[in-house]
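Going by numbering that gives the first Met the number 0, the sequence shown opens with residue 0, and the numbers climb by one from there. Cβ coordinates follow ideal geometry from the N, Cα and C atoms, glycine included. Remarks on the structure that follows.
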Amino acid sequence: MPGTFISTYLLAFDLDDRGQPVPAFDPRPAATEDAAIEEAKDFATRHAGVAVWKRRGDPVVGEEGEPEIVFRAGRIGDFA
Numbered sequence: 000m001p002g003t004f005i006s007t008y009l010l011a012f013d014l015d016d017r018g019q020p021v022p023a024f025d026p027r028p029a030a031t032e033d034a035a036i037e038e039a040k041d042f043a044t045r046h047a048g049v050a051v052w053k054r055r056g057d058p059v060v061g062e063e064g065e066p067e068i069v070f071r072a073g074r075i076g077d078f079a
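Here's what the structure looks like:
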């Protein structure tokens, strides 16, 4: 669709002192979905969980769609 765009984000999770997943850092934008998934696979070896998601946006009407998870591994918490 003309005027729409897709934003892709990556977020890793660590476990808190109660064993609940919490964000390890703020969501990071990624240049491409493939790049985000590759980075997430690397993070999965060092964190309790990772998630990659994308959203469609339409700047003309100021709307952003629901997050669509494209990759996840391990334990993840709230992210979007």
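Endpoints, the alpha helix (DSSP H) within which residue i is located
i	result
Ala34	Glu32 to Phe42
Rounded straight-line distance, which links the Cα of residue j to that of residue i
i	j	result
Pro66	Lys53	6 Å
Val81	Tyr8	In the structure as shown, the chain starts at 0 and stops at 79, and residue 81 therefore has no counterpart that could be examined.
Phe28	Val69	The question names Phe, yet the displayed sequence has Pro at residue 28. Approximately 14 Å, taken between the alpha carbons.
Thr44	Ile75	14 Å
Ala30	Asp15	30 Å
Glu32	Asp13	22 Å
Ala39	Asp77	16 Å
Val49	Gly73	7 Å
Opening and closing residue of the beta strand (DSSP E) in which residue i lies
i	result
Arg55	Gly48 to Asp57
Pro20	Pro20 to Pro22
Pro28	Arg27 to Ala29
Thr3	It is not in any beta strand (DSSP E) - Thr3 carries neither H nor E in the DSSP assignment.
Ala65	Here residue 65 is Glu; the residue named in the question, Ala, does not match the sequence. That residue, Glu65, is in no beta strand (DSSP E); it is neither H nor E in DSSP.
Buried versus exposed, by CB contacts within 10 Å (16 or more), residue i
i	result
Tyr35	According to the sequence displayed, residue 35 carries Ala and not Tyr. Buried: at least 16 other Cβ atoms inside 10 Å.
Phe42	buried
Ala11	buried
When you compare the region 52 to 64 with the region 0 to 11, are there three or more beta-carbon pairs, one atom per stretch, that lie closer than 8 Å? yes
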